[in-house]
Amino acid sequence: MTSFSGVVSAADPAPAAAPMAEAAKPAVPGKPKVDPAAGEALYSNGDASRGVTACLTCHGPKGQSATATWPKLSAQHAAYTAKQLKNFKDGSRANPVMMGMAATLTEQDMNNISAYLASQPVSQGVAQNKDTIELGQSIYRGGIAAKGVPACAACHSPTGAGIPSQYPRMGGQWAEYNTAQLLAFREGTRKNSTQMTTIATKLSDQEMKAVADYMAGLH
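Under this note's numbering, the residues of the sequence shown are numbered 87 to 305, in order.
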């Protein structure tokens with residue numbers, strides 16, 4: 087992602103007051119300001135003048151998508167959503183559709199959209215497969231000791247709410263989407279979390295589907 091350093095080129099004459107102005111700046115800048123209202127506008131309407139497509143076209147109003155093809159984004163931690171958008175833009179997370187969408191966004195856009203989504207109501211879901219619910223629960227809450235798989239709850243919390251700025255919310259997410267992401271980590275087509283790659287390589291297809299279905303019902 088392109089960032090702006092604010093450094094004046096040596097070829098450009100700087101005003102005499104510039105050094106004093108620079109010296110007056112705080113050594114540690116504050117957290118970047120976010121504008122959830124601007125994020126909502128971009129999410130819901132896009133910005134045709136910049137080629138920004140409305141996010142709700144796929145992810146649904148308020149981040150509650152209607153199909154498992156697209157993940158639910160409502161109430162997701164802002165830092166996590168912003169990171170994923172940045173990863174799509176810099177290519178460290180590959181997805182042809184999302185890479186194109188993120189390409190037109192500035193870092194401020196990403197932070198604004200993420201802040202808006204974080205403020206939306208939590209999406210609800212249900213586990214669908216009664217035959218694998220016990221296996222899914224066992225993996226999520228206790229891991230698989232024999233394979234060195236840690237409990238998912240240790241990072242994503244007992245309720246699936248995750249840990250802000252560290253681990254994403256999983257509760258209520260589409261089971262099919264989470265299964266696809268676990269497969270992508272295992273197969274190396276998604277590479278933006280070494281921790282999840284390590285875990286996914288130890289899971290069978292059945293175990294992935296069982297824990298993804300179980301997470302869909304967490305709240």
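Ideal placement from N, C-alpha and C gives every residue a C-beta, glycine not left out.
Since this is a predicted model, take the numbers as computed values, not measurements.
Residue closest to residue i, alpha-carbon to alpha-carbon, out of the options
i	options	result
Ala134	Ala161, Met187, Pro147, Gln170	Met187
Val208	Asn198, Leu221, Ser178, Pro254	Pro254
Val235	Ala286, Ala154, Asp195	Ala286
Glu262	Ala154, Ala247, Ala189	Ala154
Gly177	Arg276, Ile199, Gln214	Arg276
Gln74	Thr218, Gly229, Phe271, Gln252	This structure gives no information on residue 74, because the portion of the chain shown stretches from 87 to 305.
His242	Gln259, Lys233, Ala232	Gln259
Lys148	Thr139, Arg136, Val138, Gln162	Gln162
Assigned exposure category for residue i - 16 Cβ within 10 Å defines buried
i	result
Lys295	buried
Pro182	exposed
Ala302	buried
Asn173	buried
His305	exposed
Pro250	exposed
Ala168	buried
Val138	buried
DSSP beta-bridge partners of residue i
i	result
Ile249	Tyr253
Thr133	The sequence shown places Asp at residue 133, rather than the Thr named in the question. Answer is Val138, bridged to Asp133.
Val235	Ile230
Residue i: first and last residue of the uninterrupted alpha helix (DSSP H) it sits in
i	result
Lys169	164-176
Met199	The amino acid occupying residue 199 in the given sequence is Ile; Met does not appear at that position. That run of the alpha helix (DSSP H) goes 193-204.
Gly186	182-189
Val297	291-302
Gln150	From DSSP, Gln150 is part of no alpha helix (DSSP H); its letter is neither H nor E.
Arg179	It is not in any alpha helix (DSSP H) - Arg179 carries neither H nor E in the DSSP assignment.
Ala286	280-286
Arg272	261-273
Cβ distance (whole Å) where residue i is taken to contact residue j below 8 Å
i	j	result
Ala164	Ala204	4 Å
Tyr202	Gly274	Not quite, the Cβ-Cβ distance comes to about 32 Å (not below 8 Å), so this is no contact.
Gly222	Asp299	6 Å
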